[in-house]
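Using this note's numbering, you'd call the opening residue of the sequence shown number 6 and step up by one each time. The C-beta atom is built at its ideal place from N, Cα and C for all residues, glycine as well. One structure is given here, and the rest of the page talks about it.
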Amino acid sequence: MLILSNEVLREVGRIKYAPELWIKLESLYMNKSRAKQLYLKKRLHTLRMDEGTSIHKHVDEFNKLMMDLKSVDNQISDEDYAMTLLCSLSLSYEHFVNTMLFGRESLSLEDVKAALNSKELKNKVSDTQDGALVVQGMNKEMSKLGKNICSYCYKEGHWKVDCLKLKGKKKLFDKFFASVDANIAEDRCSELL
């Protein structure tokens, strides 16, 4: 009993035998009510990965919810957990999700987690290389055109990175593709569930 906090000791201090203590602790902290089951299922099924969140952090949050749910309800299959994890990913993982779903006979949670870890590692390596290429490309553009001449609109006073004309064009494309991706993702998750 020495490892219990003072608060817990006050609850169980008069109990002398281990089996009684265990039953009391279970009644206090292992509430397996139907309301708790439904609440945990709701949290698991509404979990969504924010753009920019690392896979490691998202999978950790998913595992926490999954473990909580397994402690009160052990009837969800491994394939259902895998499917829920795939549906919780952000839109930037759309192609990954499609790859995992199609062309497979079975889907396991461990396969999905392993593939996600590999993808995150690949993305980290790719981001490092892309950063080096951008710096190298900017140096080439500046040396070709001279100082403060945009290689997109060829006007003086700014570089391509700061070009308002190019940024406006990118905003239009981003807005269009975001709405298309949102519709596709909504259709995908509604069809799968």
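If you look at residue 109, you'll find it isn't in any alpha helix (DSSP H); DSSP assigns it neither H nor E. Here DSSP, grouped into helix, strand and coil, assigns residue 154 to strand. Only exposed fits residue 107, as fewer than 16 other CB atoms lie within 10 angstroms of its CB. In the assembly as shown, residue 23 is an exposed residue. Its beta-carbon has fewer than 16 other beta-carbons within 10 Å. Residue nearest to residue 113 within the set 83, 90 and 10 is 83 (criterion: CA-CA distance). If you check the CB distance, residue 61 and residue 54 do not come in under 8 Å. Within the same chain, 84 come within 8 Å of residue 111 by CB-CB distance, once the 5 residues on both sides are set aside. Residue 176 and residue 50 have their C-alpha atoms some 32 Å from each other. Distances from the CA of residue 94 to each of 65, 104, 52 and 73 were compared; the closest alpha carbon is that of 52. Approximately 17 Å separates the beta-carbon atoms of residue 73 and residue 30; this is outside 8 Å, ruling out the contact. Sequence-distant Cβ neighbours of residue 39 in its own chain, meaning closer than 7 Å and more than five residues away, do not exist here.
Residue 161 is bridged by DSSP to 154. A distance of 8 Å or more separates the beta carbons of residue 158 and residue 172. Annotation for residue 13: the continuous alpha helix (DSSP H) segment containing it runs 11-17. Here residue 44 carries a helix assignment [DSSP, helix/strand/coil]. For residue 64, the enclosing alpha helix (DSSP H) covers residues 60-77.
By the C-beta density criterion, residue 35 is exposed, having fewer than 16 other C-beta atoms within 10 angstroms.
Excluding sequence positions up to five before and after residue 59, its CB lies within less than 8 Å of the CB of 125, all in the same chain and listed in chain order.
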